[in-house]
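Peer 1: Chains as they are written, first to last, in our numbering: chain H, 633 to 1017; chain C, -19 to 418; chain A, 59 to 401. Sending over a structure as structure tokens; questions will come in a sec.
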Amino acid sequence: MTESREDIVLEVHDLFTNFYTFEGTVRALDGVELFLRRGDTMGLVGETGCGKSVTARSILRLVEPPGKIESGKIIYNEIDKQTGEVKPIDILSLSEEELLDLRGEKIAIVFQDPATYPNPVFRIGDQIAEVVLLHQDLRYDVIDMKIEKLEKSLQGESDPDKQVHIKEKIEYYRELRKDPPEPDKKDAKAAAFRRAVNMLNLVRMPSPESIAMQYPHELSGGMRQRALIAMALACDPGVLICDEATTALDVTVQAQVLKLLNHLKKEIGTSIIIITHDMGVVAETCNWVTVMYAGTTVESCATKNLFTRPLHPYTDGLLTAVPKLHENKERLPQILGSVPNLITPPSGCRFHPRCAYATEQCKSVKPKLTELEPEHWVACHNPLN
Amino acid sequence: MENQIAMTANEEYDPMQFTIAGITGMLVGLVSFIFGIAIFGGLFVAGILGLFSIAFPLPEFFGSIGLQGLLALVTGFVLYRTSKAIKKHELWAFSTSLYINIFAIVVFVSTSYPVVLLALLPLIPLLMLFLPNVKTYWYPTFREDITPRIKELKFSLRLVAKSPLVVAGIIILLVFVLFAILAPYIAPYGPEERLWSDGNLPPLSPSNQPGRPDHIWGTDNSGGDVYSRILYGAQIDLQVSITVVIVAVTIGSLIGAVAGYYGGKIDELVMRITDIFFAFPGLILAMAIVMALGERSLQNVSVALMITWWPTYARLVRGQVLAEREKLYVEAARSIGASDTRILLVHILPNTIQPLTVQATMDTGSVLLVAAGLSFIGFGPPAGIAEWGWMIATAQLYFTIAPWAVFFPGFAILFVALAFNLVGDGIRDILDPKLRRR
Amino acid sequence: MKLRDFILRRVLLAITVVFGVLTITWILAFIVGDPVTMYINENTPAEAIPAIRAAHGFDEPWPVQYFLYLSNLFQGNWGVSGSSSNMPVLEILALKFPATIELAIVAMIFAIILGIPLGIISATRKDQKIDHFTRIFSLAGVSMPIFWFAFMLKYVLYYYLAVNNLPHLPGGERYDTSTYLDFEFITGFLLLDSLIQGNIPIFLDGLVHLIMPGFALGYLTLAIITRMMRSSMLEVLKEDYITLARSKGLREKVVIYRHALRNAMIPTVTVIGLAFGGLITGAVLTETIFNWPGLGRWAVRSILFADLAAINGFTLLVAIIFVTANLIVDLIYGVLDPRIRFG
């Protein structure tokens, strides 16, 4: 991973996160390595409990007690909009105060369950407006809104004297727009709400104005998920993490949401991480895949490469376990053994107890993620092929 | 179903033994049920007739074991039902029957002579469960079932031992229970004993009567020994609050379970009635009931408090039953043809026991407070009886001379109520699966 | 539209409950007790009793009696209180009501102002020193026999200090009746009346007199609110939408006081409604100790004289206040939690 900072928007190195539970310390993340290229859609795949969600939360430092990020490096490479210079931000060393600017504005996350994530007592529009208000410069919005309003009243006005008066006012605001003052709270709120409605429109909500006035429980699951995506995208974040964002939805809605994400990526220019255990979703939407197993990264490559030439035995097992329409099998092949207990994880390579190719080396030495073939990283002592 | 599968392996299968076990159980259940009806129904009839001022003399001992009568009634019914299921070889009934028999023995042993002999009866079906054929049928499954539960219990007990507040609560309660039991042996003076020469003595002062013990917590206005009276008061206060809660829990959860399980009009009716009861603050309703009952006695206070408290448990159990009823495993049980009793006993009741225990423990403290408050405003036991609330009520008139006579009884109330709250709070945290594994 | 339906439904429900309450008090006073005792005393000759019974319709069949009872109540005829020189019960209730409500409101304000922040602090600093302190403080509050606590307060802050010639709080009454002889009530609420009349000394005196009874009465409610606030806050802080709020980059303060508090308030508000009934109950006990000329002290006095009409009226009034308080809570609930309105 020696690429220039301009290409890579987010990188994670050697990340360790533990959970201190009653039974013992759960070593949930054990040296995770990831990178996300600017403009990519990356799939982060693995079995349930392999640490995908913990990785996502660690990136935003949202791991709550009894969990704790132990060590590692998470870097967000921000491109300065004016100078075009790359400014790396080390997330783990940010202060609480600086962290607030990162969350929602630079990296946003969409969570799994649309039923429990929106706050039930606030209107959808207010919840989106809240992020906008927090992170966005609304000075222009406020003035635009005022001008728009005046123009509307101008149309309905027949009295020529008043027309002149309104036109003067519009002129005044146009002048003001060159160097807009800080708006007062009420105006800013109204402008933020207007943006929220725009966002809802962007995620293709029917009649966004009325949706914005509704409470979460009045919407269907798919609509709520879209509202959450609107919330996440409201500040044009550099990275959008979708943590199983489509798992709870039914297949047709899931397809809609995925299509929407792809579309929005082009429109806003966000890089996306899609966390899922559904290989179909990955094949359809992602151009890069990172595979995780038991808290470690095992393989990272272009999607096409992964499906045609998996190098890690685990990835291979994972792919053969996916049912295919054109094959007629009595029983799907499965990976032998079960997911290891992360309180007492296996030594060396965490996959070695279930691996058919395991050697003595695998039991003692933890394999490093290396670029085995061009554009294809694998952490394995005995890769396939 | 499950029993048939298990049965095929057993070659020396003798259905007679099951029939014997079932029938003895049913008989004992019937006896217990009839006995319960006799006592509880008798008390009930006496109470109703008493309202119309018709004398209905009851045998002396009946009055003292009304609570056990109620419990015998309920256990009798359950025992009958489970034994019937044993006859039909239904696997679930065996362990339930085991528990119910043990519970029946405890209930009867806790009654006084001559009913205590009835405790021998549940022993018979209990032993019947261990007939060789019967035992091989249910015991392995039972053991498999019980081992993780015992493990869980041990784990819970370890958590209890680790929580200093719960341990403190339990110790306080144990001390006061010991006080209540041992009062006649350790109290230097009798509960109603008054030494007129010893009025208003401060704590730790010797008696003015030669040869009498010191008054370690002083005396009240009429020369009663505060320490002794508090010890004897523990008998009354603990007895009242615990009995009230047990009866209210039994009645309330029966009504709540029926309302929740059958739903519809019964449920609607029960909920509206509880609504009305909840429209009164506890002390005020109890006060109005005692007032209407007329006579100033502990019994009336207890009855009033029971009437005041049952709706709490009816609501709690109803809610739990409603929640459990909708769950998949109950649906599954119903779809394989399990009876209503079985579903209630095996699936739903065990899930309501935990919140019920927590609520009941905390409520015992509240009942104690309300009972003390009632006697403070004049609805307690007859004047002169050693009861904490009443002690404060009488002593506060002389508080400028003898403040200690107010201070110590109040402290006793505070301590016991605090202990119940500590234990209830602690149990809730320990049983809460969300907090459990942290 | 939907909010209106919700309100209508709640109000109807409250009315049915009030009818139930009337029925219960009737059963208690007329079926369980003997209503004739309301109209006789120990001097009434035994042979006159049947005539009194007949005069008030107590020998009629039950349904007729029930109807009579209800029609009497609705006409404002709540009986006469034998222990208060045969004054009509409703009149006494109206007379004593403001003193009790004033005390209860002060206690409630005090409990809410202290209880909610204490609960929040305790929840957000779980298992720290302040949390342990708050938990013990509130556990003691729910275990405290209120009459004893009031008494101990009075003993220390009034009697003990006064005996030692130290500045002390007044030991009872609503205001210093010996200094302000000529004070006249308008509405019956001392603080309000003194302000209307511009009589600041009496206003301050009234406040000083409220401190001890208010605290004694409010402690239980304070404890209940604190406990509820703490546990519901802890519950809410574990919810997914709090994680979402944090992921938006909101400040921890905003997360707690905007996103969590509103949700955590929902169960707390219910408890506040229930606690209002507890305050009236507590008033019965506290007023006796502090010689407070309100409903509670009057009720206790009526008990001593076995004044059935008085107790019946008192019970009814308290139940109606309680039902009203819960109705108001239900309506607040509807505003706080948009989900409820559609339930």
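Note that the Cβ used here is the ideal one computed from N, Cα and C, for glycine as well.
Report yes if the CB atom of Ala613 (chain H) is closer than 7 Å to the CB atom of Leu860 (chain H), and no otherwise.
Peer 2: The structure shown has nothing for residue 613 (chain H), since chain H only spans 633 to 1017.
Peer 1: Drop a sphere of 10 angstroms on the beta-carbon of Lys778 (chain H), count the other beta-carbons inside from all chains shown, and report buried for 16 or more, exposed for fewer.
Peer 2: The residue is buried, with at least 16 neighbouring Cβ atoms inside 10 Å.
Peer 1: With a 10 Å radius around its C-beta and 16 neighbouring C-beta atoms as the bar for buried, classify Ser690 (chain H) as buried or exposed.
Peer 2: Ser690 (chain H) should be labelled buried.
Peer 1: According to a CB-to-CB cut-off of less than 8 Å, which residues of the stretch 732 to 744 of chain H neighbour chain A?
Peer 2: Answer in chain order: Leu732, Asp733, Leu734, Arg735, Gly736, Glu737, Ala740, Ile741, Phe743.
Peer 1: Compare the C-beta of Ala392 (chain C) against all C-beta atoms of chain A and say whether one is closer than 7 Å.
Peer 2: Chain A contact via Cβ: absent.
Peer 1: Are the stretch 177 to 196 of chain C and the stretch 233 to 251 of chain C in contact at 8 Å, needing three or more beta carbon pairs?
Peer 2: No, the stretch 177 to 196 of chain C is not in contact with the stretch 233 to 251 of chain C.
Peer 1: Consult DSSP for Arg669 (chain H) and reduce its assignment to one of helix, strand or coil.
Peer 2: Note: Arg669 (chain H) maps to strand in three-state DSSP.
Peer 1: What does DSSP give as the partner residues of Asp733 (chain H) in its beta bridges?
Peer 2: Paired residue(s): none; Asp733 (chain H) is not in a bridge.
Peer 1: Following the continuous alpha helix (DSSP H) through Glu311 (chain C), name the residue where it begins and the one where it ends.
Peer 2: Segment 308 to 315, the alpha helix (DSSP H) holding Glu311 (chain C).
Peer 1: Mind listing, in chain order, the continuous beta strand (DSSP E) runs of no fewer than 3 residues lying wholly within the stretch 852 to 900 of chain H?
Peer 2: As far as the stretch 852 to 900 of chain H is concerned, its whole beta strand (DSSP E) runs of at least 3 residues are 871 to 875.
Peer 1: Considering only the alpha carbon of each residue, which of H:Cys933, H:Ser979, H:Gln744, H:Asp733 lies closest to Arg304 (chain A)?
Peer 2: Measuring from the Cα of Arg304 (chain A), the nearest candidate turns out to be H:Asp733.
Peer 1: For chain A, is any of its Cβ atoms less than 7 Å away from the one on Ala35 (chain C)?
Peer 2: Note on Ala35 (chain C): pLDDT 49, under 50, position unreliable in the model; the coordinate value appears next. No, no contact with chain A.
Peer 1: When the Cα atoms are used, what is the spatial distance from Pro580 (chain H) to Gly675 (chain H)?
Peer 2: The displayed coordinates of chain H run from 633 to 1017. Any statement about residue 580 (chain H) would go beyond what the structure contains.
Peer 1: Between Phe156 (chain C) and the rest of its own chain, which residues show a CB-CB distance below 7 Å, the 5 nearest in sequence each way excluded?
Peer 2: Around Phe156 (chain C): Ala214, Leu218, Val396.
Peer 1: Going by other Cβ atoms of all chains shown within 10 Å of its Cβ, with 16 needed for buried, is Phe77 (chain A) buried or exposed?
Peer 2: Phe77 (chain A) is exposed by the Cβ-count criterion.
Peer 1: Mind checking whether Met342 (chain C) and Asn401 (chain C) have CB atoms under 7 Å apart?
Peer 2: Cβ distance < 7 Å, so Met342 (chain C) and Asn401 (chain C) count as in contact.
Peer 1: Excluding sequence positions up to five away, which residues of its chain have a Cβ less than 6 Å from the Cβ of Gly204 (chain C)?
Peer 2: Cβ neighbours of Gly204 (chain C) beyond the five flanking positions: Arg174.
Peer 1: What does the Cβ neighbour count give for Met(-4) (chain C), buried or exposed, with the cut at 16 atoms within 10 Å?
Peer 2: So Met(-4) (chain C) ends up on the exposed side.
Peer 1: Considering only the alpha carbon of each residue, which of C:Lys67, C:Thr380, C:Ser277 lies closest to Leu7 (chain C)?
Peer 2: Leu7 (chain C) has its Cα closest to that of C:Lys67, out of C:Lys67, C:Thr380, C:Ser277.
Peer 1: Under the assumption that Asp255 (chain C) contacts Val329 (chain A) (Cβ atoms under 8 Å), give the Cβ distance between them as a whole number of angstroms.
Peer 2: Not quite, the Cβ-Cβ distance comes to about 17 Å (not below 8 Å), so this is no contact.
Peer 1: Output the distance between the C-alpha atoms of Lys818 (chain H) and Arg755 (chain H), rounded to the nearest integer angstrom.
Peer 2: About 17 Å.
Peer 1: Quick one: is Val69 (chain A) buried, meaning 16 or more other Cβ sit within 10 Å of its Cβ, or exposed?
Peer 2: Its Cβ having fewer than 16 others within 10 Å, Val69 (chain A) is exposed.
Peer 1: Just verifying my parser: in three-state terms, what is the DSSP assignment at Val650 (chain H)?
Peer 2: In the sequence as presented, Val is not what sits at residue 650 (chain H); that position holds Asn. Residue state, collapsed to three classes: strand.
Peer 1: Nearest to Ser290 (chain A) by alpha carbon, out of A:Ala152, A:Asn130, A:Val327?
Peer 2: Per the Cα distances, A:Val327.
Peer 1: Consider the Cβ of Lys306 (chain A): report whether some Cβ of chain H lies at a distance smaller than 7 Å.
Peer 2: For Lys306 (chain A), the answer is yes, since a Cβ of chain H falls inside 7 Å of its Cβ.
Peer 1: Do we get a CB-CB distance below 7 Å when we pair Leu302 (chain A) with the residues of chain H?
Peer 2: So yes, Leu302 (chain A) belongs to the interface.
Peer 1: Could you compute how far the alpha carbon of Ile419 (chain C) sits from the alpha carbon of Ile244 (chain A)?
Peer 2: Absent from the model: residue 419 (chain C). The displayed extent of chain C is -19 to 418, so no value can be given.
Peer 1: Look at the alpha carbon of Ile287 (chain C) and the alpha carbon of Asp816 (chain H), and state the distance between them as a whole number of angstroms.
Peer 2: Whole-angstrom Cα-Cα distance: 60 Å.
Peer 1: Would the beta-carbon of Gly21 (chain C) fall within 7 Å of that of Ser63 (chain C)?
Peer 2: No, they are not a contact pair.
Peer 1: Please classify Asn370 (chain A) as buried or exposed, where buried requires at least 16 other C-beta atoms within 10 Å of its C-beta.
Peer 2: So Asn370 (chain A) ends up on the buried side.
Peer 1: Within the continuous alpha helix (DSSP H) that includes Trp230 (chain C), where are the two ends?
Peer 2: What sits at residue 230 (chain C) in the sequence shown is Thr, not Trp. From DSSP, the alpha helix (DSSP H) with Thr230 (chain C) extends over 206 to 242.
Peer 1: Round the Cβ separation of Trp290 (chain C) and Gly232 (chain C) to the nearest angstrom and send it over; I've been treating them as touching at under 8 Å.
Peer 2: So it is a contact: roughly 4 Å between Cβ atoms.
Peer 1: Could you round the C-beta distance between Phe356 (chain C) and Val270 (chain C) to whole angstroms and report it? I think they count as a contact, below 8 Å.
Peer 2: So it is not a contact: roughly 13 Å between Cβ atoms.
Peer 1: Given this structure, state the Cα-to-Cα distance separating Tyr708 (chain H) from Arg941 (chain H), to the nearest angstrom.
Peer 2: Between Tyr708 (chain H) and Arg941 (chain H), the C-alpha separation is close to 30 Å.
Peer 1: Just the Cα atoms here: how many angstroms apart are Gly49 (chain C) and Ile17 (chain C)?
Peer 2: Going by the C-alpha atoms only, they are around 7 Å apart.
Peer 1: Might you give, ordered along the chain, the residues of its own chain that have their beta carbon closer than 6 Å to the beta carbon of Ala385 (chain C), omitting 5 neighbours on each side?
Peer 2: Counting only Cβ-Cβ distances below 6 Å, and skipping sequence neighbours, we find Asp200, Val206, Ala375.
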